[in-house]
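This report refers to the structure that appears directly beneath it.
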Amino acid sequence: MKPVDLVGAYLDHLRAVFPESERLKGFLLAIDCANGATTTAAPRLFASLGLQTIVIGNQPDGRNINLGCGSTRPELLARIVAERGCQMGVAFDGDGDRAIFVDHRGQIVDGDAVLLMCGRQLQHEGRLKGHAIVATVMSNIGLELALKPLGIDLVRCPVGDKYVMEEMLNRGLSLGGEQSGHIIFSDYLFTGDGLCTALNVLRTVALTGRTLADLASDLTTYPQVLLNVRVREKVDLKTVPAVAATIDVVESRVAGQGRLLVRYSGTEPLLRVMLEGREQDEIRAWAQEIVDVVKEHLG
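Taken in order, the sequence shown gives residues 269 to 567; the numbers are from this note's numbering.
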């Protein structure tokens, strides 16, 4: 039986994402493969597109996957990008389904910024199905506010890329993802794929003529406060008048300029209060108001 180059077939499929790659010939890209799944495929892919690469996290020994490297630890990559004059960096996670980016200054660019820049590009090309993007409840309110004037709706779902994919399938949408770098481009794949995400970001840089830093600057990330309060039992908060009233007051304060999420932990006797808004001290005080009244009635 003739051997089949499955990695080659996979990379051929991915190359179709970026047919305009000639525009970035000679582009200097730093790559962190997290000593994992992309160790062989990533350098091979980017070299075939004419990019110059500096590669780290490409010495797997069976034990060092994600160890001090990759998308959860992009600090070394950020330093290399800044010191070596790279135009961009991308860090994958161990199994290759996530990608976090670094701009030429060494600043981290997360999944929210990727959803904004790629969503806007797809919308411009008439390829953003449903004029909507799926993100989880943890994506920053700044993403929602940045998409609104572009005529793009943000559909939220529970945390987890499986929920993102379910929502995309249910609504027939082409883009969704998480702040952590799980991004799904359903025109190409029905799962998160770091290499596919990297190609879409590179394509957006090429077609817009803007740097990654410039593209990412379009997202204003609002301050976020997350407080936990221990509870005796997980009752419906609407049945506790004082708690429900306090939540309503805080929601009215941030309406249109922030976001409040109050939910019980799935594994611990905790209520989590997440609040986003313009001023850190202000939203911390408001979140504390909810925590205090919950302690009084449910603690």
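Think of the CB as a built atom: it goes at the ideal place given N, C-alpha and C, for glycine as much as any other residue.
DSSP places Tyr278 in the helix class (H, G or I) of the three-state scheme. Per DSSP, Asp549 is one residue of the alpha helix (DSSP H) stretching across Gln548 to Leu566.
Here Leu539 is near Val530, since their CB atoms are less than 8 Å apart. With a cutoff of 8 Å on beta-carbon distance, Asp365 and Gly325 are scored as not near each other. Secondary structure at Gln375: coil, using DSSP grouped into helix, strand and coil. Rounded to whole angstroms, the separation of the alpha carbons of Ile558 and Ile452 is 35 Å. Fully enclosed beta strand (DSSP E) runs of no fewer than 3 residues occupy 492-498 of the segment 491-526, in order along the chain. Within the segment 280-356, complete beta strand (DSSP E) segments of at least 3 residues are found at 296-300 and 320-324, given in chain order.
By the criterion of a C-beta distance shorter than 6 Å, Gln355 is surrounded in its chain by Phe295, Leu296 and His372, once the five residues flanking it on both sides are discounted.
About 13 Å separates the Cβ atoms of Leu345 and Ala310, ruling out a contact at the 8 Å cut-off. By the 16-neighbour rule on beta-carbons within 10 angstroms, Val285 is buried. Around Ile515, the same chain offers Leu505, Leu528, Val530 and Ile558 as residues with beta carbons nearer than 8 Å, after the five sequence neighbours per side are excluded. Residue Gly410 holds the alpha-carbon nearest to the alpha-carbon of Thr488 among Gly410, Thr340, Thr507 and Leu415. Residue pairing by DSSP places Tyr532 opposite Leu539 in a beta bridge. In this structure, the alpha-carbon of Arg388 lies about 16 Å from that of Leu467. Ranked by Cα distance from Leu463, the first of Val272, Asp280 and Lys270 is Asp280.
Assigned with DSSP and collapsed to three states, Glu544 falls in strand. Put simply, the backbone Cα of Arg471 is about 14 Å away from that of Gln391.
Judged by DSSP secondary structure, Thr404 falls within the beta strand (DSSP E) whose first and last residues are Ala400 to Thr404.
Annotated three-state conformation of Val469 is helix, per DSSP.
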